[in-house]
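K.L.:
Numbering (our numbering), first residue to last: 41 to 571. Note that beta-carbon positions come from the ideal geometry of N, C-alpha and C, so glycine has one too. Right, I'll just put the structure down here and ask away after.
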Amino acid sequence: MNDSIAKGRPAAARGETIGELLRRVAGEVPDRVALVEGVAESDRRRWTYAELLRDAEAAARAMLRRFAPGDRVAIWAPNIPEYQIAQYGAALAGLVVVTVNPAFRRAEARYAFEHAEVSGCFTVGEFRSHPLLAEARALSDEVAGLHTVVDLEHWEDFLADGDPAAGLPVVDPAAPAQILYTSGTTGLPKGALLAHAALTDNVTEGVANIAGESADRTVWLAVLPMFHLASCAVAAVGTVSLRGALVTMRGFDAALAVRLIAEERVSTLNIVPTLMWAMLRDPAWEGSDTSSLHSIMLGGAPIPPELARQVRDQGIVPIVGYGLTEAPMVSATSAGDDDHDLINTIGRPLPGVEMRVADPVTGRVLAIGGIGEIETRGRHTFAGYWRDAGATAAAFREDGWLRTGDLGTMDERGVVSMAGRAKEMIIRGGENVYPREIEDHLVKLDGVLDAAVIGLPDDYYGEVVAAFVRRADPARTAAALSAELRLEVTGYKVPSRWFFLEEFPLTPSGKIQKFALREGFETGRYAEEAR
41 MNDSIAKGRP AAARGETIGE LLRRVAGEVP DRVALVEGVA ESDRRRWTYA
91 ELLRDAEAAA RAMLRRFAPG DRVAIWAPNI PEYQIAQYGA ALAGLVVVTV
141 NPAFRRAEAR YAFEHAEVSG CFTVGEFRSH PLLAEARALS DEVAGLHTVV
191 DLEHWEDFLA DGDPAAGLPV VDPAAPAQIL YTSGTTGLPK GALLAHAALT
241 DNVTEGVANI AGESADRTVW LAVLPMFHLA SCAVAAVGTV SLRGALVTMR
291 GFDAALAVRL IAEERVSTLN IVPTLMWAML RDPAWEGSDT SSLHSIMLGG
341 APIPPELARQ VRDQGIVPIV GYGLTEAPMV SATSAGDDDH DLINTIGRPL
391 PGVEMRVADP VTGRVLAIGG IGEIETRGRH TFAGYWRDAG ATAAAFREDG
441 WLRTGDLGTM DERGVVSMAG RAKEMIIRGG ENVYPREIED HLVKLDGVLD
491 AAVIGLPDDY YGEVVAAFVR RADPARTAAA LSAELRLEVT GYKVPSRWFF
541 LEEFPLTPSG KIQKFALREG FETGRYAEEA R
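So this is what it looks like as structure tokens:
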């Protein structure tokens, strides 16, 4: 092997829709538990596969009274069981689910609703004191075409409106199932279209790699929010493919997560390092019976060596996974990999997946060890960006290779290592933050003349958001700007480090030199102001 190109073993392709997958598994194991609400044990609700299919079909029939196959519907909600029922109902009805972060403020949600041209929104009354239902109803007066808002926690009347005798459409496996918002080099959100069969085939093969010998008794704890591909596809659809039970949590709570592992005999989960640290350090971990936890998939940030060691010391198999919104499950380490591969690599291509490292400009495949752009090809790649043919064309090479925007190397075994990111995206504790979005909000605040946002290294989060600001008034402090920005964007996007400059380093064309800002930080040239 001389070139940086590798292929996973051949994958069996069923080509199922998400609805067909649920129907097949419900027919095979109708009485097996499929879904568990991760709340206090006395209030915990459960669905068997037969019950989940029954409720999903009822949701599909109700949806078809208001929407037509191909319509987009947003789910703007936390991880509750009704999220899953709505997701599977939409799949059975031939609708396209647009996943929206429940922490989004109105302006952020409006962009997704307008761009995806959603006809409906499924939400909840509130999430972490944020009035989602009221916000969604207000947006229905502002967003053209948004005619239906449904409260998932009180949707009995909506479900009752469906015709029990009505048939459900035949859905094309190549049809889009989901739109998830990502971003390109400009930082402007783009809606990635993911087709049914691309999801089910890729996830079915990928999760089998995680579950390993525990596959026949999988209980998957969904700790990541459902607007993430890692949850709405990998965890949710993956659990069904394993004929297992999905345990949902309304929001991450380390102590509750530990209790759920013990009480529900959780066998696997996927998680970012920051949240895994929180679980291991929570007092509830000591003394709890976590012996059922066979494996965890870590991703979204570099894996600290100490975290890998502690996970292994607990008798848990740590697996590092790599994927992106445009290609859900690309590569992963294996249970037998040593600490070097676990900490320093993203493993080998998963079944049905090709990977290569290429020159970012020419697309020429590099020799083993060369640093270039990681590219992938296969049925797992997305169908394109919604309403953005130009961005779709730019994402693929002429021969079908998807450009990830990540830089890496490949060794002679076909094992890939990350070498950085070609994009400016910041990954804070597994959450993606796009500097352009934060900069656009900052420069709209009173007293801000200009702003630049970069990621700075952090021992806990991996990276944190740092703002460099030129201000007209020294009274516009870091604390004041943080408070105002928090009203516009989700909390994790608000910079935690602030630097105020008299002048920015500029290129001859007047653009801010972000590399110079980073150098200035590293040399102590810029003084930091506490917020």
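Assuming alanine 114 and arginine 146 are in contact, meaning their beta carbons sit under 8 Å apart, how far apart are those beta carbons, in whole angstroms?
P.N.:
Translated into the one-based positions of the sequence shown, residue 114 becomes position 74. Translated into the one-based positions of the sequence shown, residue 146 becomes position 106. Not confirmed; about 13 Å, so no contact.
K.L.:
Which same chain residues end up closer than 7 Å to glycine 340 when comparing Cβ atoms and leaving out the 5 residues on each side of it in sequence?
P.N.:
The residue you call residue 340 lines up with position 300 of the sequence shown. Val312, Ile467, Gly470.
K.L.:
Report the option in Leu406, Gly409, Thr139, Glu366 whose CA atom is closest to the CA atom of arginine 419.
P.N.:
Along the sequence shown, read from residue 1 onward, the residue named residue 419 stands at position 379. Minimum Cα distance to arginine 419 is reached at Glu366.
K.L.:
Check whether the Cβ atoms of arginine 388 and valine 455 lie closer than 8 Å to each other.
P.N.:
To locate residue 388, count along the sequence shown from 1; it is residue 348. To locate residue 455, count along the sequence shown from 1; it is residue 415. In contact: arginine 388 and valine 455 (Cβ atoms closer than 8 Å).
K.L.:
Strictly by DSSP, which residues pair up with isoleucine 386?
P.N.:
Indexing the sequence shown from 1 puts residue 386 at position 346. Answer is none; isoleucine 386 lacks a bridge partner.
K.L.:
Using a threshold of 8 Å, state whether the C-beta atoms of alanine 217 and leucine 239 are closer than that.
P.N.:
Here residue 217 refers to the residue found at position 177 of the sequence shown. Here residue 239 refers to the residue found at position 199 of the sequence shown. Yes, these two residues count as a Cβ contact at 8 Å.
K.L.:
What did DSSP end up calling asparagine 141 once you bin it into helix, strand or coil?
P.N.:
Numbered from its first residue, the sequence shown carries residue 141 at position 101. If DSSP states are grouped into helix, strand and coil, asparagine 141 belongs with coil.
K.L.:
Measuring only the C-alpha atoms, how far is alanine 297 from asparagine 310?
P.N.:
Locating residue 297 in the sequence shown gives position 257, counting from the first residue. Locating residue 310 in the sequence shown gives position 270, counting from the first residue. Each residue's alpha carbon lies about 12 Å from the other.
K.L.:
Going by C-alpha to C-alpha distance, which of Arg168, Tyr500, Ala52, Arg476 sits closest to alanine 24?
P.N.:
The structure shown does not extend to residue 24, since the chain is modelled only from 41 through 571, so no value can be given for it.
K.L.:
Given that a residue counts as buried once 16 or more other Cβ atoms are within 10 Å of its Cβ, and exposed if not, what is threonine 57?
P.N.:
Along the sequence shown, read from residue 1 onward, the residue named residue 57 stands at position 17. Buried, by the Cβ-count rule.
K.L.:
Who are serine 335's beta bridge partners in DSSP?
P.N.:
Residue 335 sits at position 295 when you count from the first residue of the sequence shown. Paired residues: Thr308, Val357.
K.L.:
Quick one: residues in its chain with C-beta nearer than 6 Å to the C-beta of threonine 330, no 5 flanking neighbours on either side, listed in chain order?
P.N.:
Position 290 of the sequence shown, counting from 1, holds the residue named residue 330. Closer than 6 Å at the Cβ level, and outside the excluded window around threonine 330, lie Ile301.
K.L.:
Buried or exposed, going by whether 16 or more other CB atoms sit within 10 Å of the CB of valine 493?
P.N.:
Taking the sequence shown and counting its residues from 1, the one referred to as residue 493 is at position 453. Result: buried.
K.L.:
With DSSP collapsed to three states, give me the class of leucine 315.
P.N.:
As a working note, residue 315 is residue 275 in the sequence shown. Leucine 315 falls in the helix class under three-state DSSP.
K.L.:
Hey, proline 368 and leucine 338: beta-carbon distance below 8 Å or not?
P.N.:
For the purposes of this step, residue 368 is identified with residue 328 of the sequence shown, where counting begins at 1. For the purposes of this step, residue 338 is identified with residue 298 of the sequence shown, where counting begins at 1. No, Cβ-Cβ distance for proline 368 and leucine 338 is not below 8 Å.
K.L.:
At 4 residues or longer, and completely inside the segment 423-508: list those alpha helix (DSSP H) runs for me, N to C.
P.N.:
Runs of the alpha helix (DSSP H) inside the segment 423-508: 429-435, 475-482.
K.L.:
In whole angstroms, what is the alpha-carbon distance linking arginine 571 and glutamate 503?
P.N.:
Along the sequence shown, one-based indexing puts residue 571 at 531. Along the sequence shown, one-based indexing puts residue 503 at 463. If I take the Cα positions, the gap works out to 18 Å.
K.L.:
Closest by CA to glutamate 479, which one among Leu447, Pro535, Ala459?
P.N.:
Taking the sequence shown and counting its residues from 1, the one referred to as residue 479 is at position 439. Checked all of Leu447, Pro535, Ala459; the closest Cα to glutamate 479 is Pro535.
K.L.:
In this structure, how does DSSP classify phenylalanine 539 when only helix, strand and coil are distinguished?
P.N.:
To locate residue 539, count along the sequence shown from 1; it is residue 499. Phenylalanine 539: strand per DSSP, three-state reduction.
K.L.:
Which residues bound the beta strand (DSSP E) around alanine 75?
P.N.:
Translated into positions along the sequence shown, residue 75 becomes position 35. Note that residue 75 is leucine in the sequence shown, not alanine. That run of the beta strand (DSSP E) goes 73-77.
K.L.:
Using the DSSP secondary-structure output, state which residues sit across from methionine 103 in a beta bridge.
P.N.:
Along the sequence shown, read from residue 1 onward, the residue named residue 103 stands at position 63. According to DSSP, which records beta bridges pairwise, methionine 103 is partnered with nothing at all.
K.L.:
Nearest-angstrom Cα distance between arginine 565 and arginine 476?
P.N.:
The residue labelled residue 565 in the question sits at position 525 within the sequence shown. The residue labelled residue 476 in the question sits at position 436 within the sequence shown. If I take the Cα positions, the gap works out to 24 Å.
K.L.:
Assign alanine 294 to one of two classes, buried (16 or more other C-beta atoms within 10 Å of its C-beta) or exposed (fewer than that).
P.N.:
Here residue 294 refers to the residue found at position 254 of the sequence shown. It counts as buried.
K.L.:
Rounded to the nearest angstrom, what separates aspartate 353 and lysine 554 at their Cα positions?
P.N.:
Within the sequence shown, numbered from 1, the residue matching residue 353 stands at position 313. Within the sequence shown, numbered from 1, the residue matching residue 554 stands at position 514. Their backbone Cα atoms lie some 41 Å apart in a straight line.
K.L.:
Note down the Cα distance separating serine 589 from glycine 410, rounded to an integer number of angstroms.
P.N.:
Here the chain comprises residues numbered 41 to 571, so residue 589 is not present and cannot be evaluated.
K.L.:
Could you give the first and the last residue of the continuous alpha helix (DSSP H) run that contains lysine 554?
P.N.:
Taking the first residue of the sequence shown as position 1, residue 554 is located at position 514. Its alpha helix (DSSP H) spans residues 554-562.
K.L.:
Mind checking which residues open and close the beta strand (DSSP E) that includes serine 371?
P.N.:
For the purposes of this step, residue 371 is taken as residue 331 along the sequence shown, with counting starting at 1. 367-372 is the extent of the beta strand (DSSP E) around serine 371.
K.L.:
Can you give the beta carbon distance from glycine 597 to arginine 106, rounded, assuming they're within the 8 Å contact cut?
P.N.:
Residue 597 lies beyond the range of the chain shown here (41 to 571); nothing can be said about it.
K.L.:
Whose C-beta lies closer than 8 Å to the C-beta of alanine 276 among residues of the same chain, with five residues either side of it excluded?
P.N.:
The residue given as residue 276 occupies position 236 in the sequence shown. Contacts found: Gln124, Gln127, Ala262, Met266, Leu286.
K.L.:
May I have the straight-line CA-CA distance separating methionine 103 from phenylalanine 544, to the nearest angstrom?
P.N.:
Translated into positions along the sequence shown, residue 103 becomes position 63. Translated into positions along the sequence shown, residue 544 becomes position 504. Those two C-alpha atoms are separated by around 53 Å.
K.L.:
With a cut-off of 8 Å on the beta carbons, I'd call phenylalanine 48 and glycine 412 a contact; round off their distance for me.
P.N.:
Here residue 48 corresponds to residue number 8 of the sequence shown, with the count starting at 1. Here residue 412 corresponds to residue number 372 of the sequence shown, with the count starting at 1. For the record, residue 48 in the displayed sequence is glycine; it is not phenylalanine. Going by Cβ atoms, the distance from glycine 48 to glycine 412 rounds to 20 Å, so no, they are not a contact pair.
K.L.:
Return the first residue and the last residue of the beta strand (DSSP E) that phenylalanine 162 is part of.
P.N.:
By one-based count along the sequence shown, residue 162 stands at place 122. Phenylalanine 162 -> beta strand (DSSP E) spans 158-163.
K.L.:
Roughly how many whole angstroms lie between the Cα atoms of serine 457 and histidine 187?
P.N.:
Position 417 of the sequence shown holds residue 457. Position 147 of the sequence shown holds residue 187. Each residue's alpha carbon lies about 47 Å from the other.
K.L.:
Output the boundary residues of the alpha helix (DSSP H) element that contains isoleucine 58.
P.N.:
Counting from one through the sequence shown, the residue named residue 58 turns up at place 18. Residues 58-68.
K.L.:
My understanding is that asparagine 141 touches threonine 530, with C-beta atoms under 8 Å, so please give their C-beta distance in whole angstroms.
P.N.:
Counted from its first residue, the sequence shown places residue 141 at position 101. Counted from its first residue, the sequence shown places residue 530 at position 490. 7 Å between Cβ atoms; contact.
K.L.:
In three-state DSSP terms, what is aspartate 191?
P.N.:
Counted from its first residue, the sequence shown places residue 191 at position 151. Correct three-state label for aspartate 191: strand.
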